[in-house]
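Quick note on numbering: the UniProt record's numbering labels position 22 of the sequence shown as 22, and the sequence is numbered without any gaps. Just so you know, even glycine gets a beta-carbon here, dropped at the ideal spot from N, CA and C. Model, not experiment: these values are computed from the prediction. What follows is a single structure, written as structure tokens, with notes after it.
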Amino acid sequence: MALEASVASNSVAFGGLSDLRKRIAQKWREHDHVVVRELPLCAEGTTGLLVAAACFRELKRYRGGKIVKHFRMSPWTKALSHTLAGGFFHTDLNTSDMPPAATAMQCLERDPGAPGYGQLRVARIRELLLHLDMSHPDGRRFLTHQRVTMMNEMSPLGWEGAMVQGGLIRFHPESLLAAQKHLGRNPPELELHLKKIHEAALDVSVPIDLEPGEMLLVSNRRALHQRGECTVRFRVFPGDYDARRVSVFHAHDEPA
């Protein structure tokens, strides 16, 4: 279940970030994710960046020195970050030498079909593995002991290793399937394992609905996250429509 840390609408402007950071760090230590409510709305994610800067010592920089990424859902793409289809549970930047420790997602525009659509979920690894012990023991062994390969456009040669090591996880079904297709790696039972892991992750998670301005902070080491199916509302077909829009940050450390 997502744990919430609310912030009064004027606290960001009047020095409430220190107290908010402490409450977020406490919830994070207990639950590996926090939903931050009642943040002031900002079209480009500035309020979310303020909270992220207060909670993390080092935010990840992308190409061109950017800290923030923006994603808008589209009915005309199959790109994972923009498609309307529901996604897999995963961790971010899973083939990196050192994936970021945390992911932050701020809602800029809510899905037109919310709360039924555009929801987020978080599956903590500890709870997921316990569920797999009973529902699909081979899936737990697959995560904790099987040496696998994951590849994507940023890592065409792939990353190899056990996905859960030392209580930390890196996991992305699309990267596993790509390595199986293009490199001939990973076990023949891969799709069955992915199906059972997805079902278990659904069972140990609950939907998280974000209003504009609100954000989810989630561990990228001890939890998987997922975004459900999205919708659009056309104003003028085919190019003018309302859709879910979010800003995303990554951090190399955890709230403390």
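Item                                                                                                                                                        : Value
Who does Gly161 pair with in a DSSP beta bridge?                                                                                                            : Val148
Going by Cα to Cα distance, which pick from Lys196, Lys181, Ile169 and Met151 is closest to Ser175?                                                         : Met151
By alpha-carbon positions, which one of Met154, Glu153, Ser155 and Arg170 ends up nearest to Gly161?                                                        : Arg170
Locate the beta strand (DSSP E) running through Ala223, then write down its first and last residues.                                                        : Ala223 to Arg227
Using a Cβ cut-off of 9 Å (strictly closer), state whether Ala251 contacts chain D.                                                                         : Absent here is chain D; the protein component of the structure consists of one chain.
Shortest alpha-carbon distance to Ser96 belongs to which of Ile24, Met154, Met163 and Arg227?                                                               : Met154
Is the beta carbon of Leu202 closer than 9 Å to that of Arg141?                                                                                             : no
If we require 4 or more residues per run, which alpha helix (DSSP H) segments fall completely within the stretch 179-204?                                   : 190-203
Identify the continuous alpha helix (DSSP H) that holds Thr47 and give its terminal residues.                                                               : Thr46 to Cys55
Please return the same chain residues whose Cβ sits closer than 8 Å to the Cβ of Asp253, not counting the five positions on each side in sequence.          : Phe56, Arg57, Glu58, Ala101 and Ala102
Note the first and the last residue of the continuous beta strand (DSSP E) segment covering Lys27.                                                          : That residue, Lys27, is in no beta strand (DSSP E); its alpha helix (DSSP H) goes Leu17 to His31.
In the DSSP assignment, what residue or residues form a beta bridge with His90?                                                                             : His225
Tell me whether Ile208 sits in a helix, a strand or coil according to DSSP, three-state version.                                                            : strand
Helix, strand or coil for Phe249? Go by DSSP, reduced to three states.                                                                                      : strand
By DSSP, does Gly169 sit in helix, in strand, or in coil?                                                                                                   : Sequence check: residue 169 is Ile here, not Gly. Strand at Ile169.
Around the C-beta of Asp32, are 16 or more other C-beta atoms found within 10 angstroms, so that it is buried, or is it exposed?                            : buried
In the structure shown, what three-state DSSP assignment does Glu109 receive?                                                                               : strand
Sorted by chain position, which residues of the same chain lie with C-beta nearer than 7 Å to Glu211's C-beta, five sequence neighbours on each side aside? : Cys107 and Arg110
For residue 274 versus Arg245, is the C-beta spacing smaller than 9 Å?                                                                                      : Absent from the model: residue 274. The displayed extent of the chain is 1 to 256, so no value can be given.
Mind checking which residues open and close the beta strand (DSSP E) that includes Met215?                                                                  : Met215 to Ser219
Once DSSP output is grouped into helix, strand and coil, what is the label at Asp242?                                                                       : strand
Could you tell me whether the stretch 235-250 touches the stretch 68-87, using the rule of 3 or more Cβ pairs below 8 Å?                                    : yes
Determine whether the beta carbon atoms of Ala223 and Ile125 lie at a separation below 9 Å.                                                                 : yes
Quick check on Phe237: does DSSP put it in helix, strand or coil?                                                                                           : coil
Using C-beta distances below 7 Å, list every residue in its chain close to His131, excluding the 5 sequence neighbours before and after it, in chain order. : Ala200, Asp203 and Val204
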